[in-house]
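Report on the structure given below.
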Amino acid sequence: MSAARPVGLARGDATPAGAAGLAVLAAGLWWLAGPVGLLAAAAVGALWVAVPAVYAVGAGHVLLAAVTAAGTPLPALLPAEAGLLWLLLATGLDLPGSPAVLAGGLGAAAVGVGLVAWLAPSGVAWAAVVVLALFVGVPLGGLGLDRLVERIEGGADG
Amino acid sequence: MQVTERYWAAVGTAVALAGLAVLADRAVLLWGTAAVGGWLLARQVAVRRSAAATADALTTTLLPDRVRVRADAPVAVTLVARLDEPAGHPVAVEAPAPVGATGDDGATATIAPGEREASATYECAFPFSGRHALPRPTVEVTDAGGWFRTTEAAGVTAEVVVDPRRPRAVHVGRGGDAVAATYGDHRAGRSGAGTVPAEVRRYVPGDDVRHIDWAATARLDEVYVREYEAETDRTTAIVVDAGPHMAVGPPGETKLDFAAHVALTLLEVAADHRDPVGLYTVGGDGELRWDRPAATRAQYAAVRDRLRALETGGRRAGTDQVRRRRGAGQRAALLADGSPFAPALRPLLGPPRERRARFRDDPLVETARVPLRELGGTVWTAIVADDTDRAAVADAVRAARRGNDRVTAFLLPDVLFEPGGLADVEAAYEAYRDFETFRRGLDRMEGVTALEVGPADRIEAVLGARRRGVSGT
């Protein structure tokens with residue numbers, strides 16, 4: 004981590020470790036959609052180089068949904084999904100204690116994949132609500148709690 | 357912890373994927389939501405832990421080059437940041453300048469990757485006297501992706517004590533002659549075994565030749581003798597006129613600046629002897645302010661702080677002891693001689709008397725009376741005032757005398773402080789002579805010592821020009 008504030012356009016998170024994930028994604032998409040899948044993987048790769056990985060992974064999921072048929076069973080999408088997750092987790096290697104970060108990320112990913120697979124038959128809308136609550140609501144709630152603690156501690160110092 | 361715009365963009369991405377999943381009825385897009393959200397959470401936890409670890413491993417120190425300075429004097433503050441072990445990333449520590457200080461805004465010390473220490477210095481000045489705390493340094497940590505930013509306080513604060521600007525050359529004496537005397541040991545009105553030197557003065561016929569101070573005689577080319585007095589415990593009451601007329605003079609060298617300087621010196625001498633000290637100040641609108649004398653460190657510090665903050669103008673009267681009461685019986689009790697409220701209330705509620713009326717009208721005289729009303733034992737009253745209202749000063753000196761008590765008047769001649777007052781040296785000399793006549797009149801009073809206080813260069817200018825004029829004729 005650095006102490007400098009980020010300025011300007013977001014930079015890409017391309018790293019050699021992430022390149023392996025891109026390869027897995029390409030293999031998965033080729034298996035699912037052939038040359039079209041490969042093109043989709045190339046697009047994700049280009050984004051991965053130009054912008055932070057999180058946006059590339061988001062776009063990757065959209066492309067994954069686009070190049071596959073609506074009725075494709077979720078387990079069949081797992082290899083491509085693994086590649087996308089690999090791209091994302093590889094960006095945590097710059098953090099101190101990165102093994103813990105990776106383990107936490109893998110754990111969250113496993114929960115997310117399993118939860119969606121379990122809830123999807125009941126309806127995508129319900130699944131969306133649950134996933135949003137867990138994977139967006141919880142981080143935001145933690146952020147608010149963190150700020151509250153900082154204010155309390157800052158007031159005690161003053 | 358603060359988040360950046362990129363964080364919100366990522367949250368927006370996750371929410372957009374969820375919306376798209378619902379619209380397109382494709383559950384695979386929810387994997388994207390879970391992946392982005394989970395990644396943000398994992399990174400948030402990791403950054404928080406890393407920032408806390410960095411702050412724990414960091415030692416910061418603020419080192420002002422001086423911990424005690426005069427107002428507006430520059431102070432260089434050095435920030436030193438030190439890590440227990442070198443970090444793999446730069447660590448920036450910021451030390452902001454204190455609020456109200458002029459000069460630099462602060463300094464930032466950045467420890468480069470692989471290094472353990474860095475330092476930076478900023479310069480500032482404090483326009484106001486008092487105790488100024490330097491803000492605690494902070495270390496700001498941002499993760500490489502620019503998603504989170506957290507600021508942790510690091511190190512401890514430091515303090516700079518700022519004294520008000522002081523006069524440069526203070527003359528205390530009689531008729532232009534500096535007084536070679538100590539004002540710490542105090543008279544008991546008697547001599548005897550175990551006595552200590554109290555004052556060095558010119559030899560007059562009849563003095564014991566055994567008391568000649570040969571060091572002072574050799575230094576001053578005149579015969580001086582040293583008086584010895586028995587030690588006593590004595591309360592020191594410092595009365596300072598802080599009215600608007602005391603604000604005359606150049607910045608930092610007004611009459612009030614000189615008065616505060618004299619009073620601070622008297623305080624330090626009394627503190628050295630562990631004498632009880634009380635400060636009595638009177639402002640421009642006649643408001644009195646005083647506290648009960650004590651010989652404690654807290655009292656010395658409180659008086660010191662009040663003298664540093666001395667300003668002209670009105671002040672709250674020391675009326676904490678006064679309470680409103682109703683009824684004639686209570687009124688009589690308040691005005692009775694033994695009542696502690698009588699001095700403050702009699703001018704307002706008591707029957708008018710000729711001398712009292714005059715004192716009532718003059719806050720300086722009333723102030724001089726307050727300590728003697730309240731205190732027992734021997735009291736040494738030091739009155740620090742100018743000669744703007746000579747009658748009031750004389751009355752205040754008379755009011756402060758009592759029995760064995762002594763009074764010392766430190767008088768600031770108005771002629772030495774008026775802007776342009778020395779433009780006409782002849783007129784200035786005549787005005788000074790007039791002041792000197794007044795001072796000698798007070799000095800001749802039983803139990804009273806009257807001294808002049810003023811800028812040494814201006815007294816020399818007045819008297820020196822006169823001497824040159826006389827020698828030239």
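Protein chains in written order, with this note's numbering: chain E, 4 to 161; chain R, 357 to 829. Virtual Cβ for every residue (Gly too), placed ideally from N, Cα, C. A quick note: this is a predicted structure, and the numbers were derived from the prediction, not measured.
Check: Simplified DSSP assignment, three categories, for residue 736 of chain R; Outcome: strand
Check: Below-9 Å beta-carbon distance, residue 370 of chain R vs any chain E residue; Outcome: yes
Check: Rounded separation between residue 459 of chain R and residue 639 of chain R - CA only; Outcome: 34 Å
Check: Ranges of the beta strand (DSSP E) found wholly within the segment 506-535 of chain R, counting only runs of at least 3; Outcome: 514-519 and 526-530
Check: Contact the segment 435-452 of chain R vs the segment 407-422 of chain R: 3+ CB pairs below 8 Å; Outcome: yes
Check: Residue 371 of chain R (DSSP reduced to helix, strand or coil); Outcome: helix
Check: Reference residue 367 of chain R; option with closest CA among R:384, R:378, R:395 and R:377; Outcome: R:395
Check: CB-CB length for residue 766 of chain R against residue 721 of chain R, believed under 8 Å; Outcome: Wrong, their Cβ atoms sit about 17 Å apart, outside the cutoff.
Check: Inter-stretch contact at 8 Å, needing at least 3 Cβ pairs: the segment 606-619 of chain R / the segment 809-819 of chain R; Outcome: yes
Check: Residue 598 of chain R in three-state terms, based on DSSP; Outcome: coil
Check: 7 Å Cβ cut-off: residues of chain E touching residue 602 of chain R; Outcome: None at all; the shortest Cβ gap to chain E is about 37 Å.
Check: Cβ of residue 26 of chain E within 9 Å of any chain R Cβ; Outcome: no
Check: Inter-stretch contact at 8 Å, needing at least 3 Cβ pairs: the segment 139-147 of chain E / the segment 471-478 of chain R; Outcome: no
Check: C-beta contact flag for residue 656 of chain R and residue 644 of chain R at 9 Å; Outcome: no
Check: Chain E contact residues for residue 359 of chain R, given Cβ-Cβ distances below 9 Å; Outcome: 146
Check: Per-residue DSSP class, three states only, for residue 558 of chain R; Outcome: strand
Check: For residue 580 of chain R, the residue or residues it bridges with in DSSP; Outcome: R:558
Check: Boundaries of the beta strand (DSSP E) in which residue 299 of chain R is found, first to last residue; Outcome: Given that chain R is displayed from residue 357 to residue 829, the structure contains no residue 299 of chain R and the question cannot be resolved.
Check: Secondary structure of residue 504 of chain R, DSSP reduced to three states; Outcome: strand
Check: Beta-carbon proximity check, residue 497 of chain R vs residue 407 of chain R, cutoff 9 Å; Outcome: yes
Check: Per-residue contacts from residue 383 of chain R into chain E (C-beta, under 7 Å); Outcome: 77, 119, 123, 127 and 130
Check: Contact with chain E by residue 389 of chain R, beta-carbon distance below 9 Å; Outcome: yes
Check: Bounding residues of the alpha helix (DSSP H) (the contiguous stretch that carries residue 47 of chain E); Outcome: 19-53
Check: Proximity test, Cβ basis, 9 Å: residue 655 of chain R and chain E; Outcome: no
Check: Reduced DSSP secondary structure (H/G/I, E/B, other) of residue 810 of chain R; Outcome: strand
Check: Inter-stretch contact (C-beta, 8 Å, three-pair minimum) for the segment 102-118 of chain E and the segment 385-399 of chain R; Outcome: yes
Check: Interface flag, residue 376 of chain R vs chain E, CB-CB below 9 Å; Outcome: yes
Check: Minimum Cβ-Cβ distance from residue 427 of chain R to chain E less than 9 Å; Outcome: no
Check: Limits of the unbroken alpha helix (DSSP H) element including residue 634 of chain R; Outcome: Premise fails: residue 634 of chain R lies in the beta strand (DSSP E), 633-638, not in any alpha helix (DSSP H).
Check: Three-state class that DSSP yields for residue 778 of chain R in the structure shown; Outcome: coil
Check: Separation of residue 771 of chain R from residue 782 of chain R, as counted between CA atoms; Outcome: 12 Å
Check: Nearest to residue 662 of chain R (by Cα), restricted to the options R:785, R:495, R:485 and R:567; Outcome: R:485
Check: As assigned by DSSP and simplified to three states, the class of residue 621 of chain R; Outcome: helix
Check: Reduced DSSP secondary structure (H/G/I, E/B, other) of residue 537 of chain R; Outcome: Caution is warranted here: a pLDDT of 47 is assigned to residue 537 of chain R, below 50, making its placement in the model unreliable, and no coordinate value can be reported.
Check: Proximity test, Cβ basis, 9 Å: residue 838 of chain R and chain E; Outcome: There is simply no residue 838 of chain R to check, as chain R begins at 357 and stops at 829 in what is shown.
Check: Residues bridged to residue 439 of chain R (per DSSP); Outcome: R:414
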